[in-house]
Structures are given as structure tokens and as C-alpha cells.
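> The numbering used here puts the first residue of the sequence shown at 101, with every later residue one more than the last.
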Amino acid sequence: MSTPISHLLQQAIQHHQQGRLQQAEDLYVQVLQQDPDQFDALHLIGVIAKQRGDLQSALNFLGKAIFVNPSQPKAHCNLGACFQEMGKWEQALRCYESAVTLQADYALAWNNRGNTLRAMGRFQEAIDSYTRAMDYQLNYPEAYLNRALCLQEIAEHTLALQDFSDVLRLRANDIDALFGRGLSLQLTFQYDDALTAYNQAIASACKPTASEAASSSMAAKLASIYTNRGLVLSRMNKLDEALDDFLQALALRPNFVSANLQAGHLYRALQNNQQAIVHYQHALTHCNDPSHREQLRFHLASLDGISMPASAPQTYIRELFDQYAAHFDTHLQTQLKYQIPQAIEKALHSTGIAEHPYCLDLGCGTGLCGTFLRPISQELHGVDLSNNMLAKAAERSLYDALVCDDIVHFLTHTNRRYDLIVAADVLVYFGDLQPVFQQISRCLNTAGHCVFSVELSTRDDVYLQNSQRYAHTQDYLQRIATEHGLQFTYSEVTIGRYEDDQAVQSLVVVLRKSSAGNGSGSH
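1. So which of Q374, S450, A523 has the shortest CA-CA distance to Y590?
2. Output needed for G596: all residues of its chain with C-beta closer than 8 Å, excluding positions within five of it in sequence on either side, in chain order.
3. Taking the alpha-carbon of I227 as reference, which of V200, T201, E256, L202 has the nearest alpha-carbon?
4. Can you tell me whether P475 is buried or exposed? The criterion is at least 16 other CB atoms within 10 Å of its CB, across all chains shown.
5. Let me check one thing: in DSSP terms, what residues is Q602 bridge-paired to?
6. Helix, strand or coil, according to DSSP, for T201 in the structure here?
7. Quick one: what's got a C-beta closer than 7 Å to F510's C-beta in the same chain, skipping five residues either side?
8. F472 lies in the alpha helix (DSSP H); which residues open and close that run?
9. With DSSP as the reference, identify every bridge partner of T451, one or two as the case may be.
10. So the beta strand (DSSP E) A305 belongs to, where does it begin and stop?
11. Helix, strand or coil for Q587? Go by DSSP, reduced to three states.
12. So what does DSSP say about S567, is it helix, strand or coil?
13. When DSSP builds the beta bridges, which residues end up paired with S553?
14. Under DSSP, the beta strand (DSSP E) around S477 begins and ends at which residues?
15. Could you name the residues of the same chain whose beta carbon sits closer than 7 Å to that of D137, not counting the 5 residues immediately before and after it, in chain order?
16. Just verifying my parser: in three-state terms, what is the DSSP assignment at I521?
17. My output table needs one value for K446: the three-state DSSP class, helix, strand or coil.
18. Per DSSP, which one or two residues make a beta bridge with L462?
19. Between the Cα of Q578 and those of R335, V332, Y563, V610, spot the shortest distance and give me the residue it belongs to.
20. Any idea if N388 is buried or exposed, counting beta-carbon neighbours within 10 angstroms, 16 or more meaning buried?
21. State the CB to CB distance for the pair D519 and H584, rounded to an integer number of angstroms; the pair is presumed to be in contact (CB under 8 Å).
22. In terms of residue numbering, what span does the beta strand (DSSP E) encompassing V503 cover?
23. From the DSSP output, which residues share a beta bridge with F530?
24. Have a look at F356 and R329 and give me their C-alpha separation to the nearest angstrom.
25. Just to confirm my understanding: we take L121, look at its own chain, exclude 5 residues before and 5 after, and list those with CB closer than 6 Å. What are they?
26. Please identify the residue among G280, E253, E394 whose C-alpha is closest to the C-alpha of D266.
27. Whole-angstrom Cβ separation of V608 and A447, contact assumed at under 8 Å?
28. For A272, which of helix, strand or coil comes out of DSSP?
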């Protein structure tokens, strides 16, 4: 006589709850031999398959369970978790929707739904889903943590910090909450508090042994924390301590691209180019992201002079200035003693350039040139690659239009024509200026002017400096300007800024478009 199904299920569930998966599975199989459509056995054997990482088998059993009894929300939730683990976000979302439709107060399903929406980049919907989870389950640390991480994605760091605090209220040494708290503090320039949070995260971690380090998820997490703490220490100008952290991260994860990149940056800052190249090369070897690989090749080119690219990668410029935007003006004016806007304004006055109906500020940044361009412009447009810089420019209320775009792409595709084009400290990110000058000439009205600055080369026509900015000779500029119908009417060597207390020689130039210049159009 066979053992009753109820007894087999009871035993199987006990084994399952205590982690004895094989014994549990054997008993679920016995149940299915007696009743192939027994819902609990189908459902729970699917759960075991998921726990083992056999997602295809899990999908099979969970799908059968739902076919037998589609009214069970847990089965839909577990099926969603399988799809989520496979990166099949739409299918996962449909499963979670079914689960919460069947059981509106199913907190886990709301939380998992939020995770799927976050992975899809639908951050506000994800935040709402986490909030629903917390409506139905008080003191739900996972939902607080996930909502905080989502708020971080949309730069709502004040709200994220509140959620991280709630996680830590419930789980005092939660390493993910401490790490997340440190990151939000870091991104809002609260470096002392960020350092404290990272210190606490490292102290709370279970450090893996050397034999575990290569595969341990904790080792990977610790490597990320050390890397971020190193970045904070670097911002605080504690370079030796920062380097120690980057090397500690690499001891845990030798092929960690981010730590190798930051170690390369720091060795560059310490003028140890040989070690910088070693770390950039190692990062490049293990980097799979095409845009990051492009940046790494650019960093290497600025040190070894081999295979100089035509311009800096757009992703590098965008990331650099998105991070820089909040303290850009202060850093330029107080630490770098930045003088380019003043030199551009002087060039305008010296050449008698007064009112121009239509003006374009290329690489406008936070709008430092807008203050003197606005009074002489009937219409003033600004273009920049960094949305964060443009947000700062918008706060000045000087521009009639602000566009986030690469300057060559903008010039190539605009139908507008301008009387004055300004490019202050932006051509330093272009080596080959032929396409830039070609499009400037096309977009200028006859007798229109272009005022720009470059860093002055005392060697090759164009070369990529260690600072990762290009330098150009005046002869090179005159040659390509002439090719595109642009005449030099003014040039002056000036100190554009200071780097490591050394003056950086810049050249400010005014070009005038002759009637022979290319391009035609209308306002």
C-alpha cells in the first residue's frame, strides 16, 4: 500500500525547509508518481530546481503547477523570479502582475516586481512598487534597501539616505545599506561621512580567505567598497591611502576593471606613468564594455603617444563633466585659476565685436561665457555633452536654447546659421580640428566670427598631453582655418589655467568667415 500523499508532502516540506533538497525532491517525485497533477509537488519541485540553478527545469515544473491551479499567487511569483534571473524582464513582470492581482497584499511579489522594473530602467514605477510592498509588510528591510538603490539611480540621494537609515535601524550592520549610504554621501560630496560609512561597511564584512577570494561574492563586494573608499580618499587628496585601497581591491579581485582604472588614474597623478600604463592595460584586457574600452585606449594614448585618437571619447567627456558639474565653477576659479572666459571676452572687445543677432556657445558647460554673450546676443544657444552641466547653465537663465549633443554632430545637423560662435576650452578635447572647422564655417554667416581657445603646442601640430587634453600649434590652426575660408583676425597667448601649480599656456583666436567660406542657409 502506498504512503498517503499528505504524509509524503509533510515529510518533503520538512526536508525542504531544512535544506535537504535531494530528500525533499525524492519525496515530491513519489507524490507525482501517484498524482501527476498534484499542485504542491509540481510547485515545490520547481522551487528546488530554481534553488539549484536549473532554471529551465524550474520553468517547466512551475508552468505545469500554474496550469493545474492558476489561482495560486506564490507559483506566479516563483515563476517570475525564474524569468527575472534569466533576464527576461517582460515575462517576469507579467508573472508578478498576476501574483499581486491574485493577492493584493503579497509584499514579496511587490518587492520583486520593483526589482524587475528597476532592471528595466522604469525607476519611478519601481519605487512605487517597493512602497506598496512596505504598505503590506512593516519594517521590510529588503524593500527599504531596494527603494534606496532605485532612488540613487535617479539622484534622489536625500530620500535614498533616509531609506538606507531605515535598513540600518532594522539591520545595524547591513553591508549593502552601509555601502549604499557611503555612495550617496560620496555623490553629494559629503566625503567625511562617506568615509565613515565605507569604514563601517568594511568592518561589518566577513573578509574571505585567500583561497575564497577569487569566487566569493563577498570578495567582489569588498573590492567595490575599497575602490569607492579609494575614490573618496583621492577627492580628499589623501593619495597614498587611496592607492592602498585600490591595491587592496585588486588583491581581492585582480581583474576588477574599475579598481585597475582608478589605480591607473592615481599612478598618473603621482607621475608614475609606467605603473599607470600597467593598470590601464590590465583593465583593457578584462573590459567587455565597448565605450569603456574606448576610454581606456584614450588613457593609454595620452601616456604612450601611440595611436593618438582623433578626439576624446564622448562617454569620457560626458562622465567627466556630469561628475564635475556640481562644483565645476568653484574648482575652476579657486583651484585652477581658470581664465579662459575672461580671455574670450577680452578678444571680443579687442576686435570690436559688439552685438551679434545669433550666437552659439559650443561646449557651454555651466554658462560661464553666457554672462558676457547674453548682452550682445539677440538669440543665444548653448550646446554641451553633459546634461548636468546644462542643468547648471539653465539656472543662469541666460540661454534661449540649451542642447545636449556632441558639438560636431550638432553643427553638422543644424539648419541654423550664426553670426558668432564661441568655443571656450572645448577644442582641447579634439585632436583633428578639420571636421570642427569645416562645420563651424558651414554654420557661420558671411563675415561672422568664431572665437575659441586651445592649449598651445610647442612641438607637434597636434598632440595628446598627459592631462588628456590636446594641444595645437598656431601654424596648424591657421592652415586648417584657411582651408575652410576662415581668416585669423586676432590671436593671443595667455595663461588659461594652472595645473599642479604650473601655468598652462593657451591660445585665444578670433576667426572671420570670408565670402569664400563654405555653407549657406538662413536663420
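Here a beta-carbon is modelled for each residue, glycine too, at the ideal position from N, C-alpha and C.
A quick look at the data gives this:
1. One-based indexing of the sequence shown puts residue 590 at position 490. The candidate whose alpha carbon is nearest that of Y590 is S450.
2. The residue labelled residue 596 in the question sits at position 496 within the sequence shown. These residues qualify, in order along the chain: Y438, Q439, I440, A443, D525, S553, E555, V604, Q605, S606.
3. For the purposes of this step, residue 227 is taken as the residue at position 127 of the sequence shown. Here the closest residue by C-alpha is E256.
4. Here residue 475 corresponds to residue number 375 of the sequence shown, with the count starting at 1. Under this definition P475 is an exposed residue.
5. The sequence position of residue 602 within the sequence shown is 502, counting from 1. Answer is E599, bridged to Q602.
6. The residue given as residue 201 occupies position 101 in the sequence shown. Here T201 sits in helix by DSSP.
7. Mapped onto the sequence shown, residue 510 falls at position 410. Counting only Cβ-Cβ distances below 7 Å, and skipping sequence neighbours, we find V483, V503.
8. Taking the sequence shown and counting its residues from 1, one reaches residue 472 at position 372. It spans 470-473 - the alpha helix (DSSP H) in which F472 sits, taken as one unbroken run.
9. Numbered from its first residue, the sequence shown carries residue 451 at position 351. DSSP lists no partner for T451.
10. As a position in the sequence shown, residue 305 is number 205, starting the count at 1. First-last for A305: undefined, no H or E at that position.
11. Within the sequence shown, the letter at position 487 stands for residue 587. Strand.
12. Within the sequence shown, residue 567 is the residue found at index 467, counting from 1. In the structure shown, S567 sits in coil (DSSP, three-state: anything other than H, G, I, E or B).
13. The residue given as residue 553 occupies position 453 in the sequence shown. Partner(s): V608.
14. As a first step, residue 477 is located in the sequence shown; it is residue number 377 there, counting from the start. Counting along the chain, the beta strand (DSSP E) containing S477 begins and ends at 477-484.
15. Walking along the sequence shown from the start, residue 137 turns up at place 37. Counting only Cβ-Cβ distances below 7 Å, and skipping sequence neighbours, we find V168.
16. Counted from its first residue, the sequence shown places residue 521 at position 421. In this structure, I521 counts as strand in the three-state DSSP scheme.
17. For the purposes of this step, residue 446 is taken as residue 346 along the sequence shown, with counting starting at 1. Reduced to three states, the DSSP call for K446 is helix.
18. Here residue 462 is taken as the residue at index 362 of the sequence shown, counted from 1. DSSP output for L462 lists V483, A523 as bridge partner(s).
19. As a first step, residue 578 must be located in the sequence shown, where it is residue number 478. The shortest C-alpha separation from Q578 is found at V610.
20. By one-based count along the sequence shown, residue 388 stands at place 288. Exposed: under 16 other Cβ atoms inside 10 Å.
21. The residue you call residue 519 lines up with position 419 of the sequence shown. The residue you call residue 584 lines up with position 484 of the sequence shown. Contact doesn't hold; Cβ gap of about 17 Å is too wide.
22. Looking up residue 503 in the sequence shown gives position 403. V503 -> beta strand (DSSP E) spans 501-504.
23. Residue numbering aside, residue 530 sits at position 430 when the sequence shown is read from its first letter. The partner list for F530 (beta bridge, DSSP) reads S411.
24. Residue numbering aside, residue 356 sits at position 256 when the sequence shown is read from its first letter. Residue numbering aside, residue 329 sits at position 229 when the sequence shown is read from its first letter. Straight through space, the alpha carbons of R329 and F356 are spaced by roughly 15 Å.
25. Within the sequence shown, the letter at position 21 stands for residue 121. Same-chain partners within the cutoff: I148.
26. Here the question's residue 266 lines up with position 166 in the sequence shown. Looking at the Cα atoms, G280 is the closest of the given residues.
27. Locating residue 608 in the sequence shown gives position 508, where the first residue counts as 1. Locating residue 447 in the sequence shown gives position 347, where the first residue counts as 1. The Cβ separation is near 5 Å, so the contact holds.
28. Your numbering for residue 272 matches position 172 in the sequence shown. In the structure shown, A272 sits in coil (DSSP, three-state: anything other than H, G, I, E or B).
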